[in-house]
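Numbering of the sequence shown is given in my numbering, commencing with residue 410 and proceeding in unit increments.
Yeah, the Cβ is synthetic: ideal placement off N, Cα and C, and Gly gets one too.
A short worksheet on the structure shown next.
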Amino acid sequence: MTRNTVIQDARVLTADYLPNRMLHRGNERQVIADNLSPILEGLPPIDMLIYGPPGTGKTAMAQYVVDELQKHSPNLLSGFVDGFGQPSRFEVYYKLLRDMNEFVTRGGTSTEELVDKFEEKAYNAPMAIVVDEADQIKDEKVLYDLSRFQNAAIILIANRGDVFVDMDDRIRSSFSSIDEIRFKAYADDEIVDILKDRVKYGLRDEAITSSGLKIIASKSGGDARVAISTLRKAAQKAEREGLEKISKEIIKESFTDAVKDNRSISLKKLNEDQRKLYDVLKEEKQLPSAKLFQAYKQEAEEPPSDRTLRRYMKKMEAYGLIESKGSTRDRKYSLKS
């Protein structure tokens, strides 16, 4: 059996691990908590749009605040939906009800029955609903549905603040008073602090130097997920080689691997329409938006509207898969190298 020379607790080194404290997001945490708190007194909560670049702690903070609130108010129900999975309206309500310990069967249950069950729960107990990757939701009616439940706090998470621009007018109207909370990219010193927390519980003493952490931070571009992934890969590589310390050379190699993995994960998350758009760009190298959409529609059986396609392109750009140049009218897209 291989001896653990570097890693102490591998779970702590994953980007999805929820730490006991959230560093450098105190103001944002307080705003989210303040917006949710009225619901505990039977008052309407304030819906929120949390937005910012990938790896800035948006999802983790939303989950963290909701979890903390539930510790003080056990009757608060919560549910989580990931829009990147392109869930149907049925799947959204099925997932929310299961999160709230409501057993429902897939077979023989209609979407409207699920909506009725959800509405009954929302009427009888306060709830907080987190919709991650809200700008990726395919069935926009879900967002309109959720906005109608006055006893439910809706927390939408996206990469951009203009998430409603390319959505139906009814949805824009429903969320017209939503509180927008921006999460900026982390500064290098903030990334170092986040990594130190992971090192403290995840690695053995003196496995990595402070200068090593600074190298990771400087390369991560303010993205904590990339930084944590780099740390994990560097620790794994050092351990495979039987080393007790993570060298700077290993860090540099691991960063390249982390970026590749991050891009691969983003590609796997693309829906069918986005994948086809990506493949067209891969073949044509660069195209104006009009020609790109036209080329895509020639291949698609039931293509979505240009409005939806623009929203999909913004998501792909936010995740560093493509890049664009020019104004909205003359915008050209290409794959990001």
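In DSSP terms, what residue i is bridged to
| i | result |
| --- | --- |
| Asp491 | Asp541 |
| Pro697 | Lys741 |
| Lys734 | Lys741 |
| Met536 | Leu486, Ala561 |
| Ile546 | Its beta-bridge partners do not exist; DSSP assigns none. |
| Ile416 | Leu612 |
| Ile566 | Ile459 |
Residues near residue i by beta carbon distance below 6 angstroms, same chain, minus five either side
| i | result |
| --- | --- |
| Val551 | Arg498, Val501 |
| Leu565 | Leu458, Val540, Ala543 |
| Pro712 | Lys706 |
| Thr737 | none |
| Lys547 | Gln495 |
Counted within 10 angstroms of its Cβ, other Cβ atoms place residue i as buried (16 or more) or exposed
| i | result |
| --- | --- |
| Lys723 | buried |
| Gln545 | buried |
| Ser482 | exposed |
| Asp456 | buried |
| Gln683 | buried |
| Gln771 | Since the first residue of the chain shown is 410 and the last is 746, residue 771 is not available in this structure. |
| Gln707 | exposed |
| Thr665 | exposed |
| Asp443 | exposed |
| Tyr503 | buried |
| Tyr687 | buried |
| Ala699 | exposed |
| Arg507 | exposed |
| Pro454 | buried |
| Ala596 | exposed |
| Asn436 | exposed |
| Arg434 | buried |
| Leu452 | exposed |
| Ile674 | exposed |
Own chain partners of residue i with C-beta closer than 8 angstroms, once the 5 adjacent residues on each side are dropped
| i | result |
| --- | --- |
| Gly570 | Leu458, Tyr460, Glu589, Arg591 |
| Asn413 | Arg613, Glu648 |
| Ile637 | Leu422, Thr423, Ala424, Ile603, Leu604, Arg607 |
| Ile580 | Glu549, Leu552, Tyr553, Ser556, Phe573 |
| Val474 | Arg438, Ile441, Ala442, Leu445 |
| Asp739 | Pro697 |
| Lys657 | Ser620, Gly621, Ile624 |
| Ala709 | Asp682, Lys685 |
| Leu690 | Leu696, Leu701, Ile731, Tyr742, Ser743, Leu744 |
Nonlocal neighbours in the same chain, by C-beta distance under 7 angstroms from residue i, ignoring five residues either side
| i | result |
| --- | --- |
| Lys605 | Leu622 |
| Lys745 | Gly729, Leu730, Ile731, Glu732 |
| Phe493 | Glu542, Gln545, Lys678 |
| Val635 | Gly464, Ser629, Ala667, Val668, Asn671 |
| Val440 | Ile590 |
| Asn741 | Correcting the residue type first, residue 741 is Lys in the shown sequence and not Asn. The answer, listed in chain order, is Gln695, Leu696, Pro697, Ser733, Lys734, Gly735. |
| Ile659 | Ala643, Lys646, Ala647 |
| Ser627 | Asp597 |
| Ile655 | Val415, Ala616, Ile617, Gly621, Ala643, Ala644, Ala647 |
First and last residue of the uninterrupted alpha helix (DSSP H) at residue i
| i | result |
| --- | --- |
| Met431 | Run containing Met431: none; DSSP gives neither H nor E here. |
| Ile580 | 578-583 |
| Val572 | First-last for Val572: undefined, no H or E at that position. |
| Phe664 | 657-678 |
| Gly466 | Where Gly466 is concerned, there is no enclosing alpha helix (DSSP H), given that its DSSP letter is neither H nor E. |
| Tyr439 | First, the amino acid is wrong: residue 439 is Gln here, not Tyr. Note, Gln439: alpha helix (DSSP H), 435-445. |
| Thr518 | Here Thr518 belongs to no alpha helix (DSSP H), and DSSP marks it neither H nor E. |
| Tyr728 | Per DSSP, Tyr728 belongs to no alpha helix (DSSP H) and is neither H nor E. |
| Ser620 | 619-629 |
| Glu711 | Glu711 -> no alpha helix (DSSP H), and no H or E assigned at all. |
| Asp508 | 498-508 |
| Leu640 | 633-649 |
First through last residue of the beta strand (DSSP E) which encompasses residue i
| i | result |
| --- | --- |
| Ala594 | No beta strand (DSSP E) holds Ala594; DSSP gives it neither H nor E. |
| Tyr460 | 457-460 |
Can you confirm whether the stretch 491-511 touches the stretch 663-673 when touching is taken to mean that 3 or more C-beta pairs between the two stretches lie within less than 8 angstroms?
Because the criterion of three Cβ pairs below 8 angstroms is not met, the stretch 663-673 and the stretch 491-511 do not touch.
Please confirm if the stretch 689-697 is in contact with the stretch 508-526, defined as three or more CB-CB distances below 8 angstroms between the two stretches.
The answer is no - the stretch 508-526 does not touch the stretch 689-697, with fewer than three Cβ pairs under 8 angstroms.
Should the stretch 410-426 be regarded as contacting the stretch 612-631, the criterion being three or more beta carbon pairs within less than 8 angstroms?
The stretch 410-426 makes contact with the stretch 612-631, as at least three CB pairs between them are under 8 angstroms.
Looking at C-beta atoms only, is the number of pairs between the stretch 521-538 and the stretch 698-717 that lie closer than 8 angstroms three or more?
In this structure the stretch 521-538 does not lie against the stretch 698-717, because fewer than three pairs of beta carbons, one per stretch, are closer than 8 angstroms.
Determine, using beta-carbon pairs with one atom in the stretch 635-649 and one in the stretch 427-441, whether at least three such pairs fall under 8 angstroms.
Counting Cβ pairs under 8 angstroms, fewer than three are found: no touch.
The stretch 445-453 in contact with the stretch 470-484 per 3-pair CB rule at 8 angstroms
A contact exists between the stretch 445-453 and the stretch 470-484.
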